[in-house]
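Here the structure is laid out as structure tokens; the discussion comes afterwards.
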Amino acid sequence: MPRSMRALVAGKVGEPTDVLRLETRPVPTPEAGQALIRVKATPIHASDLHVLRGRYGFSPRFPTVGGHMECVGRIEDLGPNTKGLKIGERVVAVAVPAIPGPRVAGTWQEYLVADMRRLLRVPDHLSDSSACQLAVNPLTALLLVTRELDVQPGEWLLQTAAGSTVGRLVIQLSRHLGIRTINVVRRREAVEEIETLGGDEVICTADEDLTHRVAEIAGPGGVRKAIDCVAGVVGAQVSQALAPGGEVVVYGALSTHRQTDSAALTMPLQARSVIYETKAVRGFWLNRWFGTTSPEEALRALSQVRALVAVGALSIPQGRPFPLERFTEAIAFAEAPAHGTKPLFVFEGGRAEDGT
Numbered sequence: 001m002p003r004s005m006r007a008l009v010a011g012k013v014g015e016p017t018d019v020l021r022l023e024t025r026p027v028p029t030p031e032a033g034q035a036l037i038r039v040k041a042t043p044i045h046a047s048d049l050h051v052l053r054g055r056y057g058f059s060p061r062f063p064t065v066g067g068h069m070e071c072v073g074r075i076e077d078l079g080p081n082t083k084g085l086k087i088g089e090r091v092v093a094v095a096v097p098a099i100p101g102p103r104v105a106g107t108w109q110e111y112l113v114a115d116m117r118r119l120l121r122v123p124d125h126l127s128d129s130s131a132c133q134l135a136v137n138p139l140t141a142l143l144l145v146t147r148e149l150d151v152q153p154g155e156w157l158l159q160t161a162a163g164s165t166v167g168r169l170v171i172q173l174s175r176h177l178g179i180r181t182i183n184v185v186r187r188r189e190a191v192e193e194i195e196t197l198g199g200d201e202v203i204c205t206a207d208e209d210l211t212h213r214v215a216e217i218a219g220p221g222g223v224r225k226a227i228d229c230v231a232g233v234v235g236a237q238v239s240q241a242l243a244p245g246g247e248v249v250v251y252g253a254l255s256t257h258r259q260t261d262s263a264a265l266t267m268p269l270q271a272r273s274v275i276y277e278t279k280a281v282r283g284f285w286l287n288r289w290f291g292t293t294s295p296e297e298a299l300r301a302l303s304q305v306r307a308l309v310a311v312g313a314l315s316i317p318q319g320r321p322f323p324l325e326r327f328t329e330a331i332a333f334a335e336a337p338a339h340g341t342k343p344l345f346v347f348e349g350g351r352a353e354d355g356t
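Residues in the sequence shown are numbered consecutively from 1, following this note's numbering.
Dropping the structure here:
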């Protein structure tokens, strides 16, 4: 066991490439109920970068190791009297801070200590690249469709940002469950791609009216359930397009990213539509879900995701690997438009290994 490790640390709030530094730190020691994980691969999510910018729903204590979502690795050591998983087992560590809840170690480091109740065993046939993305986006898709909205087979589900990682997973999951999807994209060239993926209907906001097209597609019964990752004007149009009594769950705000204009941070709902048609608009945030859900229930949901991936109902695309020292390049790639591939920090030779 080495005594020191590399870690990507932000000293203060700011632009990630300005505040992150590669540091050498002592390898942490697990306490009772904890495991020491040797990290193999960990993704760079947009939310990871917004945490460092001070533009997310929580703020860590600085200096902080980056990466507040997930990773895959192997158990190297266990705290005293800790039972359950064993040394050498390959696991996903869920590093999403629960709100409210205790602080969680960042994943952009070679070793981290994790609560045993935040570890999910993963099969060896699942690559590191796929396994390290198992706990956030697929879980979000599952919770939105089956628990937040309880969409039933044959029902319509309207979603924005259909080309996003979660949007694609929602399409796959809906096909598996027999749910029909209306998928909103902003680029005409994305329409064919979403149709090929299995989206039943696609609306392009570049040249189509969202509310008019939803009415054409869904007919007199309308759409009663929707998920939105854009907010802003598009999110408001989704609310307007709902049938009376309909509900939209907002889980992201892509239209507000990197915005400083307060007007751009709003969602201009039509009060008459909300009141007289008794529509509901509410939020979903995975961090708060972890804060209000028991560890046992969270692991059951994650196990369901693992099973869906195992049978091929959900497919996690391979990420693009970057060694930790190339973090400026990896962050630039993460924020490049429409790249369609998740950048990953990987260890041991700078590549995402198969599950061996």
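Where a beta carbon is used, it is the ideal one built from N, C-alpha and C, also for glycine.
Check: Where A243 and Q304 are concerned, what is the direct C-alpha to C-alpha distance, given to the nearest angstrom?
Finding: Within the sequence shown, residue 243 is the residue found at index 243, counting from 1. Within the sequence shown, residue 304 is the residue found at index 304, counting from 1. Distance between the alpha carbons of A243 and Q304 is about 31 Å.
Next item on the list: Could you pull out every unbroken beta strand (DSSP E) segment of at least 3 residues lying fully inside the region 262-344, listed in chain order?
Entry: 280-283, 320-323
Checklist line | Inter-residue CB distance, G73 and A93 (contact presumed, cutoff 8 Å) | finding: Locating residue 73 in the sequence shown gives position 73, where the first residue counts as 1. Locating residue 93 in the sequence shown gives position 93, where the first residue counts as 1. Indeed, because the Cβ distance is near 7 Å, the residues count as touching under 8 Å.
Notebook entry, point to check: Given that a residue counts as buried once 16 or more other Cβ atoms are within 10 Å of its Cβ, and exposed if not, what is K279?
Noted result: Looking up residue 279 in the sequence shown gives position 279. Under this definition K279 is a buried residue.
Item checked: Sequence-distant residues of its chain with Cβ nearer than 6 Å to G163 (five each side left out) -> Looking up residue 163 in the sequence shown gives position 163. Once the five neighbours on either side are set aside, the close Cβ partners of G163 are V185, A190.
Check: Quick one: is I182 buried, meaning 16 or more other Cβ sit within 10 Å of its Cβ, or exposed?
Finding: As a first step, residue 182 is located in the sequence shown; it is residue number 182 there, counting from the start. With 16 or more other Cβ atoms within 10 Å, it is buried.
Item checked: Runs of beta strand (DSSP E) lying entirely within the region 175-221, each at least 3 residues, in chain order -> 180-185, 201-204
Next item on the list: Determine the direct distance from the alpha carbon of S130 to that of G67, and round the result to whole angstroms.
Entry: Residue 67 sits at position 67 when you count from the first residue of the sequence shown. Residue 130 sits at position 130 when you count from the first residue of the sequence shown. Distance between the alpha carbons of G67 and S130 is about 17 Å.
Check: Do the region 32-44 and the region 231-243 meet, that is, are 3 or more Cβ pairs less than 8 Å apart?
Finding: no
Margin query: Give me, in chain order, the residues of the same chain whose beta-carbon lies closer than 8 Å to that of E155; leave out the 5 immediate sequence neighbours on both sides.
Written below: Translated into positions along the sequence shown, residue 155 becomes position 155. The residues are I179, R180, R224, K225.
Checklist line | Three-state secondary structure (DSSP) of Q133 | finding: As a working mapping, residue 133 is identified with position 133 in the sequence shown. Residue state, collapsed to three classes: coil.
Next item on the list: May I ask which residues mark the beginning and end of the alpha helix (DSSP H) holding L52?
Entry: Along the sequence shown, read from residue 1 onward, the residue named residue 52 stands at position 52. Looking at the DSSP string, the run of the alpha helix (DSSP H) that includes L52 is 46-53.
Notebook entry, point to check: If you follow the alpha helix (DSSP H) that A109 is part of, which residue opens it and which one closes it?
Noted result: For this step, residue 109 is matched to residue 109 along the sequence shown. At residue 109 the sequence reads Gln, which differs from the Ala that was named. That residue, Q109, is in no alpha helix (DSSP H); it is neither H nor E in DSSP.
Check: Going by alpha carbons, who is nearest to A330 out of T42, P97, Q159?
Finding: As a working mapping, residue 330 is identified with position 330 in the sequence shown. That would be T42, whose Cα lies nearest to the Cα of A330.
Note to self: Less than 7 Å between C-beta atoms, sequence neighbours within five positions excluded: which residues of the same chain meet that for T356?
What the structure shows: Within the sequence shown, the letter at position 356 stands for residue 356. In this predicted model, T356 has a pLDDT of only 37, less than 50, meaning its place in the structure is not dependable; the value taken from the coordinates is given anyway. Same-chain partners within the cutoff: D124.
Item checked: Whether L173 touches V145 by CB criterion (8 Å) -> For the purposes of this step, residue 173 is identified with residue 173 of the sequence shown, where counting begins at 1. For the purposes of this step, residue 145 is identified with residue 145 of the sequence shown, where counting begins at 1. Result yes, Cβ atoms of L173 and V145 sit closer than 8 Å.
Note to self: Let me make sure I understand the geometry here. Which of T165, T82, A334, F327 has the alpha-carbon closest to that of V9?
What the structure shows: What you label residue 9 is simply residue 9 of the sequence shown in a count that begins at 1. Of the listed residues, the one whose Cα sits closest to V9 is F327.
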